[in-house]
Every structure is written in structure tokens, then in C-alpha cells.
Amino acid sequence: MSTSVIVPAAGSGVRLGENRPKAFVDVGGRSILWHTVFAICEYSADDWFDLDRIIVVVPADLMVAARHEAQSAADNAGRGTEVVVVPGGAERSDSVRAGLAQATGEYVLVHDAARTFTPAAVFERVVGALLEGHPVVVPGLPVVDTLKRVDQGGRVVQTVDRSVLRAIQTPQGFTADALARAYADAGDTATDDAGLAERAGLPVQVVEGDPLAFKITKQWDLRLARTISEGRD
Ligand code: C5P
């Protein structure tokens, strides 16, 4: 299966508070972007998974640094994978749209740079469901906390049935046609790509995610990522 992987990494990282874009924050001596590209290249070691290219989307002023990080990761993984770097946009979906313009192959995976430790098994489940014929596949986890809907004053309006909810992660997998359809409406934005696919009327299949595919968003997540990295050395 010939596949491109788009890695949106153009977020500002304001919630992380590290005074630099999140993808360039250090975890165990390497940037978050480096770890993520390395993991993708490692996964693509399976012969049947034909990784066309990795498209990294970053802030326009960090394209040179991003190319260096991503190429270093690909070289370290020893796969000779082609890395393309493009400038992102104001919203995540603008960044993915910019990446999509460079995508080649039958399938496209979109994988947040900030989900640094996503296990290969999650990629495998997403890709496996694509090969079974699902046009859009997302990894998801059951929600463990009780969820309540509240009003603006913080008063509980309703307790939500969590058994029908899933917390959705990446990589999200698409046939090239499905992702193009999802992004056909140029003005649309969403917090994930499958959200746009849903709006375009496409069926979205959930496969099992993994707690290790957490998104480094706040300081707590960064501490967790650094602890995991130390444990691997
Ligand atoms: O903001 P959020 O945590 O949902 O971002 C998820 C991923 O999307 C991150 O890897 C981030 O760098 C990326 N992103 C982007 N362009 C934006 C905003 C976020 O590529 N404008």
C-alpha cells in the first residue's frame, strides 16, 4: 500500500508554555518532532508498508530547522524515507490542508507530531482497517472519567453516558480520495481530520488506541514524556 504520512507540527505550543513551538521542545535530548518522525520510519520497516514520503508541516520560520530534525530522524531509522517540509497555517486543519497538497499514494495517514510515543501497534490497527476497506479509520480509547455537561456558571446540566464515547487519537488513516473529499470545503475547520470526513458524509471506523499515544499538550504531559524517555534509555 503506497502511503504518505502528514505530520502537523505547526502549533504554537502556547498551552505547553515552553516559549517555543511544541515540536521543537526537547524530550530526552531530541525534539518532539525527531521522536515522532523516527517512530513513523521505524513502523514503516515492514516491507508491505510502502511509505512514499513524510510531509512535515511546521511554522514558516522553522522550516530549515524542521528539515534538519526530520531528516536526521529518518536517517537514524535507516529507511531513506523522503521528507518534505511545508509551512503550516493558523488552524490545524489549514496545516493538514497544506500537507495534503504534497501527498502521494493510495492512502494518507495524518499523525500529530505531539503524539511522540505512539506504539507501532496503533499504526498497524489503523492501516489494517484501511486495508479491510474502511475509507476513514481513527484510533480511540474508552473514556474512564465520569463526564458531565455544565452551564457557563459551572452548574451540572447532565451526566453523559460515557459508554458510547471514545477519546480519539492519531494516526488517522484515509484513502487519498476520502481525505481529499473531507478537505474539499476550503473554509471548514475541525479539531481532527475525521471530523471533516464525518461532515462530508464518510463513515469513520474506530479501532483501539493506546494510552502511550497521548498528545503532549500541557506541562504534565511533557513531564510524562520525559519520564517515559528516561525509562527507555
Ligand atoms: O492544537 P492541537 O494540540 O490540537 O494540535 C495537534 C497537532 O496539530 C500538533 O502536533 C500541532 O503542532 C499541530 N498543529 C498544526 N497547525 C496548527 C495547530 C496545530 O500543525 N495551526
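Using my numbering, you'd call the opening residue of the sequence shown number 38 and step up by one each time. We put the CB at the ideal spot given by N, CA and C, even for glycine.
Environment of residue i [buried if 16+ CB atoms lie within 10 Å]
{"i": "residue 15", "result": "Absent from the structure is residue 15, since the part of the chain shown begins at 38 and ends at 270."}
{"i": "residue 170", "result": "exposed"}
{"i": "residue 106", "result": "buried"}
{"i": "residue 257", "result": "exposed"}
{"i": "residue 153", "result": "buried"}
{"i": "residue 49", "result": "exposed"}
{"i": "residue 233", "result": "buried"}
{"i": "residue 241", "result": "buried"}
C-alpha gap between residue i and residue j, whole angstroms
{"i": "residue 80", "j": "residue 198", "result": "36 Å"}
{"i": "residue 145", "j": "residue 212", "result": "6 Å"}
{"i": "residue 177", "j": "residue 246", "result": "5 Å"}
{"i": "residue 39", "j": "residue 101", "result": "27 Å"}
{"i": "residue 254", "j": "residue 62", "result": "11 Å"}
{"i": "residue 74", "j": "residue 192", "result": "43 Å"}
{"i": "residue 44", "j": "residue 136", "result": "8 Å"}
Whether residue i touches residue j by CB criterion (9 Å)
{"i": "residue 252", "j": "residue 158", "result": "no"}
{"i": "residue 155", "j": "residue 250", "result": "yes"}
{"i": "residue 179", "j": "residue 203", "result": "yes"}
{"i": "residue 116", "j": "residue 41", "result": "no"}
{"i": "residue 243", "j": "residue 133", "result": "no"}
For this session: Pair every Cβ in the region 123 to 130 with every Cβ in the region 218 to 233, then say whether three or more of these pairs are closer than 8 Å.
Result: The region 123 to 130 vs the region 218 to 233: in contact.
For this session: Tell me, please, whether the region 84 to 100 touches the region 41 to 58 by the rule of three or more beta-carbon pairs shorter than 8 Å.
Result: Three or more Cβ pairs drawn from the region 84 to 100 and the region 41 to 58 lie within less than 8 Å of each other, which places the two stretches in contact.
Exercise. Are the region 64 to 71 and the region 258 to 268 touching, with three or more C-beta to C-beta distances below 8 Å?
Worked result: The region 64 to 71, when compared against the region 258 to 268, does touch it at the 8 Å Cβ threshold.
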